[in-house]
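Participant: As you go down the protein sequences, you meet chains A and B in turn. Taking our numbering, the leading residue of the first sequence gets 917, the next gets one more, and so forth. Taking our numbering, the leading residue of the second sequence gets 211, the next gets one more, and so forth. Positions of the beta carbon are idealized from the N, C-alpha and C atoms, including for glycine. Just so it is clear, the structure is predicted and the values come from calculations on it, not from any experiment. Sharing a structure below in structure tokens format, with a few things to ask.
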Amino acid sequence: MLSLNIVVCVKQVPDTAVERTLTSAGTLDRASLDGLINELDEYAIEEGLKIAEAQGGEVTILSMGPGKASESIRKALSMGADKAVHVSDEALAGSDALATSLVLAAAVRSAGFDLVICGSESTDARTGVVPAMLAERLGVPQLTLASKVEISGTDVTVRRVSDEGYEVVTGSLPAVVSVVEKINEPRYPSFKGIMAAKKKPVRVLSLADLAVDPGAVGLASAATGVADFAVRPARAAGEIVTDEGDGGVQAAAFLAGRKFI
Amino acid sequence: MAEVLVLAEHSGGEVKKVTAELLTAARRLGEPSVVWAGPGAAEGRARLAEFGAVTVYVADSPDFAGFVVAPKAELLAQLVAEKSPAAVLVAGTTEGKEIAGRLAVKTNSGVLTDAVDVTAGPDGPVAEQANFGGAITVRSTVRAGTPVIAVRPNAVSAEAAEGAAELVSVGFAASDAAKGARVTERVAAEKGARPDLTEAQIVVSGGRGTGSADGFKVIEELADALGAAVGASRAVTDAGWYPHQFQVGQTGKTVSPQLYAAIGISGAIQHRAGMQTSKTIIAVNKDPEAPIFEIADFGVVGDLFKVVPQLEDEIAKRKQL
Chain A
917 MLSLNIVVCV KQVPDTAVER TLTSAGTLDR ASLDGLINEL DEYAIEEGLK IAEAQGGEVT
977 ILSMGPGKAS ESIRKALSMG ADKAVHVSDE ALAGSDALAT SLVLAAAVRS AGFDLVICGS
1037 ESTDARTGVV PAMLAERLGV PQLTLASKVE ISGTDVTVRR VSDEGYEVVT GSLPAVVSVV
1097 EKINEPRYPS FKGIMAAKKK PVRVLSLADL AVDPGAVGLA SAATGVADFA VRPARAAGEI
1157 VTDEGDGGVQ AAAFLAGRKF I
Chain B
211 MAEVLVLAEH SGGEVKKVTA ELLTAARRLG EPSVVWAGPG AAEGRARLAE FGAVTVYVAD
271 SPDFAGFVVA PKAELLAQLV AEKSPAAVLV AGTTEGKEIA GRLAVKTNSG VLTDAVDVTA
331 GPDGPVAEQA NFGGAITVRS TVRAGTPVIA VRPNAVSAEA AEGAAELVSV GFAASDAAKG
391 ARVTERVAAE KGARPDLTEA QIVVSGGRGT GSADGFKVIE ELADALGAAV GASRAVTDAG
451 WYPHQFQVGQ TGKTVSPQLY AAIGISGAIQ HRAGMQTSKT IIAVNKDPEA PIFEIADFGV
511 VGDLFKVVPQ LEDEIAKRKQ L
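Take a look at the structure:
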């Protein structure tokens, strides 16, 4: 049996069910929001745990974020991951995708890896570029947007979803995989898991620990910048009618008025 | 005028609509050159000329179809090094964004995704993005390298402008590093005659109110009456009433059609995140308190199984006039 080093990237994000706002610098106001694990990352954790159970190996949670991200790290550990690396450094605040991928790649390298698993995008920034950037930086096969992952020896085969259907894609370990929703059903932490998570090791690393130049990350040196932003004017509610037997006719009249029919 | 590279999306020599939209945006920034990866450039050329392409760089290598994403990023990086363009525009599809990400790393450049508009600014291109499901509009610029911008399909209106579209062959061989993820099989989804969800002018989506897979058929029928794509809320895809790839919302597709019809959808914030930038929204829901009515241009409070069939009949009647 292989013993795989599996690194799962986890991001703590604001709850999508509440309103999110920007700070005056145009970055997400994270301080005022409760965080939870980015939903797609829960599928990544589950997939990592399943692979480790089937193939043998260890799952390391990797998260970059402020101190508060430790909440999400504990949750991931309580699901069954073995240990965690938390990259936390004040200089990271406001980092864009280019800098995030730089730091994550450095952390993955320092942890050692056979397989990196990410959610395909985060619910806050939703850029969807970080897994591909990680594969580029690590110089390993990019097996992303997976709705199915199979490992056979040192080959990884995924079903890559696209708008047209799907592709079957194969590469060799080490590799970067990103997963889409519905690849699995993430487990809930058990009471035993929650208790065990408290004792699992979490290494907190700074940029200096990873030998990443603080000048290459953070808001001030971001390769992208916010010129300005505006809260989109709320859509005004239009005409609402109650169906009294002619609701469909009225809807048709509205659509005809707007030239849709 | 500075050159702007546009990565063409194409299939079987047919140029996808988003490419015309990218060319329209690129013309605001400079002189658009198309990058054509794979076969079919000769067939696609006329369409590219119609939207103002000056040059078409053609790299016809089987590696683009044979390996995931990395060869296309490598080709773009090669052309960025040779041509020093003012920007690179790609389609903001899942794959386009991955290409953009890899290119940004290769060229150490800033990447902006999900742009809904692109304009020329004093310090280079300005991309408008609709964040948090369109709740906030952000205008961003790139401060380092060659701006790489992924533009959301259906966001910019394609406008014709004549261009020479001169085909220029480019020598390209993918490196071994770019051949790590090999495509061994392609399976096309059964799509039928309906338009693509993210490119459709009209989207008809059904929610929990449809009650079952069988009940959801009323959504497909209305979509076909309007020539629309079908979407679904998460409640529907989670329940297995409709395939997952049609989910609209925070964790699904983001759409921005001319008309969005939300049928039996309450309009939770996660759903609105995927559709609230639609130009016109209509809603049918039996609950008058449903939040979807707060953003609908027209709403009917009533039983969707009565209102929608009547609407279909009315559409059929009007078509006969």
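(1) Roughly how many whole angstroms lie between the Cα atoms of Lys991/A and Val1118/A?
(2) Cβ of Leu938/A less than 9 Å from any chain B Cβ?
(3) By DSSP, does Arg590/B sit in helix, in strand, or in coil?
(4) Cα-Cα, which of Asp507/B, Asp406/B and Arg404/B is closest to Gly1154/A?
(5) Could you tell me the alpha carbon to alpha carbon distance between Glu219/B and Ala236/B, rounded to whole angstroms?
(6) Tell me, to the nearest whole angstrom, how far the beta carbon of Glu260/B is from that of Ala370/B; I am working on the premise that it is less than 8 Å.
(7) With 9 Å as the threshold, decide whether the Cβ of Thr1039/A is near any Cβ in chain B.
(8) Is it buried or exposed for Gln520/B, if we count other Cβ within 10 angstroms and need 16 for buried?
(9) Report yes if the C-beta distance between Val1032/A and Val1092/A is below 9 Å; otherwise report no.
(10) Do you know whose CA, among Glu431/B, Val290/B, Glu305/B and Ala247/B, lies nearest Tyr1082/A's CA?
(11) Short check: CB of Lys227/B to CB of Ala368/B, under 9 Å?
(12) So which residues on chain A does Ile492/B lean against when the C-beta distance must stay under 8 Å?
(13) Just checking, does the region 320–327 of chain B make contact with the region 356–368 of chain B on the three C-beta pairs under 8 Å criterion?
(14) Consider the Cβ of Arg362/B: report whether some Cβ of chain A lies at a distance smaller than 9 Å.
(15) Between Ala1150/A and chain B, is there a C-beta pair that is closer than 9 Å?
(16) Could you spell out where the alpha helix (DSSP H) holding Glu431/B opens and where it closes?
(17) Quick test of the definition: if touching needs 3 or more C-beta pairs under 8 Å, does the region 507–516 of chain B touch the region 1143–1157 of chain A?
(18) How about Thr1073/A and Thr1060/A: do their beta carbons lie closer than 9 Å?
(19) Could you tell me how far apart the beta carbons of Tyr267/B and Val414/B are, in whole angstroms, since I believe they sit closer than 8 Å?
(20) Out of curiosity, what's the CA-to-CA distance linking Glu963/A and Ala403/B?
(21) Starting from Arg1076/A, follow its DSSP beta bridges and name the residues at the other end.
(22) Going by the beta-carbon positions, is the gap between Val1024/A and Ser1011/A smaller than 9 Å?
(23) Let me see if you follow: with CB-CB separation under 9 Å, is Ala1143/A close to chain B or not?
(24) Only counting the same chain, and skipping five residues up and downstream in sequence, which positions put a Cβ closer than 7 Å to that of Ser385/B?
(25) Taking Gly1035/A as the reference, give the member of Arg1151/A, Thr1070/A, Glu955/A and Ala1150/A with the closest Cα.
(26) In chain A, which residues lie less than 7 Å from Ser319/B when you measure between Cβ atoms?
(27) Report yes or no: do the region 326–334 of chain B and the region 269–281 of chain B share at least 3 C-beta pairs separated by less than 8 Å?
(28) Where DSSP assigns a beta bridge to Asn495/B, which residues make up the other side?
(29) Tell me whether the region 1123–1136 of chain A and the region 966–985 of chain A touch, counting them as touching only if at least three CB pairs, one residue from each stretch, are closer than 8 Å.
(30) Does DSSP put Pro242/B in a helix, a strand or coil?
(31) Skipping 5 residues on each side, what residues in its chain have a beta carbon closer than 6 Å to that of Leu1054/A?
(32) Please list, in chain order, all residues of the same chain as Gly484/B whose beta carbon is under 7 Å from its beta carbon, the five residues on each side excluded.
(33) Could one say the Cβ of Ala352/B lies closer than 9 Å to chain A's Cβ atoms, at least one of them?
(34) Using a threshold of 9 Å, state whether the C-beta atoms of Val1046/A and Ser1078/A are closer than that.
(35) Would you mind working out which of Ile1110/A, Thr1070/A, Ala1136/A and Ala1150/A sits nearest Ala1009/A, comparing C-alpha positions?
(36) Output yes if chain D places a C-beta closer than 9 Å to the C-beta of Leu217/B; else output no.
Facilitator: Walking through what the data contain:
(1) 12 Å
(2) yes
(3) In the structure displayed, chain B extends from 211 to 531; residue 590/B sits before or after that span and is not available.
(4) Asp507/B
(5) 15 Å
(6) 5 Å
(7) yes
(8) buried
(9) yes
(10) Glu305/B
(11) yes
(12) Ala1167, Phe1170 and Leu1171
(13) yes
(14) no
(15) yes
(16) Lys427 to Leu436
(17) yes
(18) no
(19) That pair is no contact at about 39 Å.
(20) 35 Å
(21) Ala1062/A and Glu1083/A
(22) no
(23) yes
(24) Glu284
(25) Glu955/A
(26) Ala1139
(27) no
(28) Val511/B
(29) no
(30) strand
(31) Ala1021
(32) Gly343, Val458, Gly459, Gln460, Gly462, Lys463, Thr464 and Val465
(33) Before going further, note that residue 352/B is Val rather than Ala in the sequence given. With 9 Å as the cut-off, Val352/B counts as an interface residue toward chain A.
(34) no
(35) Ala1136/A
(36) Chain labels in this structure do not include chain D; the protein chains are A and B.
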